[in-house]
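Q:
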Amino acid sequence: KAGVTQTPRYLIKTRGQQVTLSCSPISGHRSVSWYQQTPGQGLQFLFEYFSETQRNKGNFPGRFSGRQFSNSRSEMNVSTLELGDSALYLCASRPGGAIRTDTQYFGPGTRLTVL
Amino acid sequence: GDSVTQMEGPVTLSEEAFLTINCTYTATGYPSLFWYVQYPGEGLQLLLKATKADDKGSNKGFEATYRKETTSFHLEKGSVQVSDSAVYFCALSDIGGGNKLTFGTGTQLKVEL
């Protein structure tokens, strides 16, 4: 089975712009979560989508948003970019039910640099 | 809320040395516990997991035991290799947090010849 894929792998934007990142989960997985990784804050949960609905949300401003399509692929959008948004954005998928024992499988990430 | 505390890195070991990376947690419910590994320039890979007390997760020579009484999930390996050099993250998933992953700060391991 193919793993989680994320596109693009690298992105450079300037302050004030917006960006869209894409994630394709493992085939058959219906849940997609997004995490932000920075040297200062570590790994932080952004949000989770399941069956096209946001199921859980972390503590990030409204500039961060996402959606999920009927094929389970997900996109994440960041509007009005700030320097502090520079990070590795990781997507993870799992089969679906809100089960604490489920393993989340991560993609390689999108490295976003904001200048 | 949920939290994970890992020992500070970096940890530098000689090849074939014994490895321990400490991890303790705080959770409101009954969490599942995970160790993930991140190699340079890559995403996270699941190393092992345990879903209930006294469970031992193991993979590639690494082991960790879910200790509810001490709220710990320490990672061990009997003999490390240069190829084990990476950053290791302890994490938990708890129904109280909507089953999102809560991560520790990560511990960088460097193994030298």
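Which chain is which? The protein sequence lines are B and H, in order.
Heads up: the first sequence begins at 30 in the numbering used here, then just goes up one per residue.
Heads up: the second sequence begins at 690 in the numbering used here, then just goes up one per residue.
Beta carbons are placed, not taken as given, at the ideal position from N, Cα and C, and that holds for glycine.
#1: Indicate whether R84 of chain B and G795 of chain H have their beta-carbon atoms separated by less than 8 Å.
#2: Which residues, taken in chain order from the region 752 to 779 of chain H, show a beta carbon closer than 9 Å to some beta carbon of chain B?
#3: If you reduce the DSSP assignment to three classes, tell me which class V771 of chain H lands in.
#4: Measure the alpha-carbon distance for L722 of chain H versus E111 of chain B and round it to whole angstroms.
#5: DSSP three-state label for L112 of chain B, please.
#6: Quick check: K42 of chain B and L119 of chain B, are their CB atoms within less than 8 Å of each other?
#7: Alpha carbons only, please: which of H:F707, H:G718, H:D691 and H:S774 is nearest the one belonging to F74 of chain B?
#8: Compare the beta carbon distance of S99 of chain B and H58 of chain B with 8 Å and say whether it is the shorter of the two.
#9: Under a three-way DSSP split, which group does I55 of chain B fall into?
#10: When the cut-off is 8 Å and only beta carbons count, does Q133 of chain B lie next to chain H?
#11: Run down chain B in chain order and give the residues with a C-beta less than 8 Å from the C-beta of K789 of chain H.
#12: Can you name the residues of chain H whose CB is closer than 8 Å to the CB of L119 of chain B?
#13: Check each candidate in H:P729, H:E801 and H:G793 and name the one with the smallest Cα separation from A716 of chain H.
#14: What is the rounded straight-line gap between the Cα of A775 of chain H and the Cα of L781 of chain H?
#15: Confirm, please, whether the CB-CB distance from V693 of chain H to T719 of chain H is below 8 Å.
#16: Pop quiz: L158 of chain B and Q66 of chain B are said to be a contact at Cβ under 8 Å. What is the actual Cβ separation, rounded to whole angstroms?
#17: Determine, for G71 of chain B, whether the minimum Cβ-Cβ distance to residues of chain H falls below 8 Å.
#18: Across which residues does DSSP place R123 of chain B in a beta bridge pair?
#19: Straight-line CA distance for L40 of chain B to G750 of chain H?
#20: Please report how far the alpha carbon of V107 of chain B lies from the alpha carbon of R756 of chain H, in whole angstroms.
A: Judging by the given coordinates:
#1: Along the first sequence, read from residue 1 onward, the residue named residue 84 of chain B stands at position 55. Along the second sequence, read from residue 1 onward, the residue named residue 795 of chain H stands at position 106. Not in contact: R84 of chain B and G795 of chain H (Cβ atoms no closer than 8 Å).
#2: F778
#3: What you label residue 771 of chain H is simply residue 82 of the second sequence in a count that begins at 1. DSSP places V771 of chain H in helix when its eight states are reduced to three.
#4: Your numbering for residue 722 of chain H matches position 33 in the second sequence. Your numbering for residue 111 of chain B matches position 82 in the first sequence. Taking the straight line joining both Cα atoms gives about 34 Å.
#5: On the first sequence, residue 112 of chain B is found 83 positions in, with the first residue counted as 1. Of the three classes helix, strand and coil, the one that applies to L112 of chain B here is helix, per DSSP.
#6: Here residue 42 of chain B refers to the residue found at position 13 of the first sequence. Here residue 119 of chain B refers to the residue found at position 90 of the first sequence. Contact flag unset, no.
#7: In the first sequence, the residue the question calls residue 74 of chain B occupies position 45. Measuring from the Cα of F74 of chain B, the nearest candidate turns out to be H:D691.
#8: Position 70 of the first sequence holds residue 99 of chain B. Position 29 of the first sequence holds residue 58 of chain B. No.
#9: The sequence position of residue 55 of chain B within the first sequence is 26, counting from 1. Coil, per DSSP.
#10: Within the first sequence, numbered from 1, the residue matching residue 133 of chain B stands at position 104. Yes - at least one Cβ of chain H is within 8 Å of the one on Q133 of chain B.
#11: Here residue 789 of chain H refers to the residue found at position 100 when the second sequence is read from its first residue. Under the 8 Å cutoff, chain B gives S62, F74, E77, N85 and G87.
#12: Position 90 of the first sequence, counted from the start, is the residue given in the question as residue 119 of chain B. What L119 of chain B touches in chain H: G732 and L733.
#13: If you number the second sequence from 1, residue 716 of chain H lands on position 27. Nearest C-alpha to A716 of chain H: H:G793.
#14: On the second sequence, residue 775 of chain H is found 86 positions in, with the first residue counted as 1. On the second sequence, residue 781 of chain H is found 92 positions in, with the first residue counted as 1. Roughly 20 Å between the two C-alpha positions.
#15: Position 30 of the second sequence, counted from the first residue, corresponds to residue 719 of chain H. Position 4 of the second sequence, counted from the first residue, corresponds to residue 693 of chain H. The question names Thr, but residue 719 of chain H in the sequence shown is Tyr. In this structure, V693 of chain H does not lie closer than 8 Å to Y719 of chain H by Cβ.
#16: Because chain B is modelled from 30 through 144, residue 158 of chain B falls outside the range shown and cannot be assessed.
#17: Looking up residue 71 of chain B in the first sequence gives position 42. At least one chain H Cβ lies under 8 Å of G71 of chain B.
#18: Numbered from 1 along the first sequence, position 94 holds the residue referred to as residue 123 of chain B. B:S60, per the DSSP bridge assignment.
#19: The residue given as residue 40 of chain B occupies position 11 in the first sequence. The residue given as residue 750 of chain H occupies position 61 in the second sequence. Cα to Cα, L40 of chain B sits roughly 37 Å from G750 of chain H.
#20: Locating residue 107 of chain B in the first sequence gives position 78, counting from the first residue. Locating residue 756 of chain H in the second sequence gives position 67, counting from the first residue. Rounded to whole angstroms, V107 of chain B to R756 of chain H spans 40 Å at the Cα level.
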